[in-house]
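One structure is given here, and the rest of the page talks about it.
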Amino acid sequence: MGDPSKFANIIEYNVLMYVLGALLLSECIIWFLTLKGSRDSSKKHSDNGTFWLIIIGWCCSVMSGAFFRSQSMPQAVRNWLLPHFTYYIGIVCIVAGIIVRCTAVGTLKHAFTLSVQTTDSQHLIQTGLYGIVRNPAYTGSIISLLGVACAYGHILGIIGVFVICLICYGVRIHVEEKALTTQFQEEFEQYCKHTKYRLIPGVY
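Okay, so the sequence shown: first residue is 53 according to this note's numbering, each after it adds one.
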């Protein structure tokens with residue numbers, strides 16, 4: 053990822069590195085703030101291994117764009133680049149994704165966990181971004197990850213991130229919504245009817 057030659061100038065490279073640093077820092081802060089709650093013995097764990105699926109998928113997505121532009125790829129493959137303006141779209145998407153994810157996590161507060169967990173005292177949050185889509189924290193992550201791929205500007209990188217996110221977050225959401233249905237029953241079913249889309253309004 054540390055190859056300035058892949059960018060139009062050193063400023064673009066530095067901007068991407070700073071934004072990637074902000075993305076990583078935001079995830080570390082979220083991890084730190086939710087770690088204590090994740091160890092609560094009163095919580096019902098229903099993760100089914102999706103925590104590690106998300107971690108691995110996230111890491112692979114961050115590296116995807118750089119991988120397809122690396123020297124390990126044939127020159128013909130490295131040349132499958134998108135127009136330069138996708139770099140700027142990528143930077144905007146990374147920042148927007150960080151904002152969306154942090155806002156979603158802040159809305160849930162102590163109810164947010166990195167693994168799928170529920171408690172008897174937990175409330176179903178339906179306000180803020182959760183009134184628009186059911187999984188806005190994942191929406192934010194996906195926007196940022198696609199933004200990283202766009203910033204590198206490689207077609208296969210973007211396709212790779214899309215496929216990884218489709219699989220990893222698709223499985224995670226299925227497991228999570230099953231746990232929420234068990235926990236909240238009719239309340240969650242009504243919420244799904246009111247907030248129809250899981251990630252993207254009008255699409256999915």
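All C-beta atoms, glycine included, are put in the ideal place defined by N, C-alpha and C. Here the structure is a predicted model, which means the values were calculated and not measured.
| Query | Result |
| --- | --- |
| Name the one or two DSSP bridge partners that HIS175 has. | BP columns for HIS175 are empty, so no partner. |
| For the candidate residues PHE236, LEU166, LEU68, whose alpha-carbon lies nearest to that of TRP110? | LEU166 |
| Compare the Cα-Cα distances from MET115 to each of PRO126, LEU72, VAL129 and report the closest residue. | LEU72 |
| If you reduce the DSSP assignment to three classes, tell me which class LEU251 lands in. | coil |
| Are the beta-carbon atoms belonging to ILE106 and CYS220 less than 9 Å from one another? | yes |
| Check whether the stretch 132-150 and the stretch 223-233 are in contact - that is, three or more C-beta pairs closer than 8 Å. | no |
| For the putative contact between ALA156 and PRO135, defined by C-beta atoms under 8 Å, what is the C-beta separation to the nearest angstrom? | Their Cβ separation, rounded to whole angstroms, is 31 Å, which puts ALA156 and PRO135 out of contact at 8 Å. |
| If you draw a straight line from the alpha carbon of ILE195 to that of GLN237, how long is it in whole angstroms? | 30 Å |
| Which residues in the same chain as PRO253 place their Cβ atom closer than 8 Å to its Cβ, once the five residues preceding and following it in sequence are excluded? | ILE184, VAL185 |
| Let me know the secondary structure DSSP gives HIS206 once reduced to three states. | strand |
| Can you name the start and end residues of the alpha helix (DSSP H) that VAL144 belongs to? | 137-160 |
| Assuming VAL152 and THR179 make a contact with CB atoms under 8 Å, what is their CB distance in whole Å? | Going by Cβ atoms, the distance from VAL152 to THR179 rounds to 15 Å, so no, they are not a contact pair. |
| Determine, using beta carbons only, whether GLY265 and LEU75 come nearer to each other than 9 Å. | Residue 265 lies beyond the residue range present for the chain, which begins at 53 and ends at 256; the question has no answer from this structure. |
| Within 10 angstroms of the Cβ of GLU228, are there 16 or more other Cβ atoms? Answer buried if so, exposed if not. | buried |
| Buried or exposed for CYS80, going by 16 or more other Cβ atoms inside 10 Å? | exposed |
| Ignore the nearest five residues each way along the sequence and tell me which others in ILE62's own chain have a CB closer than 6 Å to its CB. | PRO56 |
| Grouping DSSP H, G and I as helix and E and B as strand, with all else coil, what is LEU133? | strand |
| Determine the DSSP secondary structure at PRO188, reduced to helix, strand or coil. | helix |
| Which value, in whole angstroms, describes the spacing of the CA atoms of HIS162 and ARG130? | 44 Å |
| Going by CA-CA distance only, name the one from HIS226, ASN100, LEU176 that's closest to TYR243. | LEU176 |
| Could you say which of PHE240, VAL215, ARG224 lies nearest to SER113 if we only look at CA atoms? | VAL215 |
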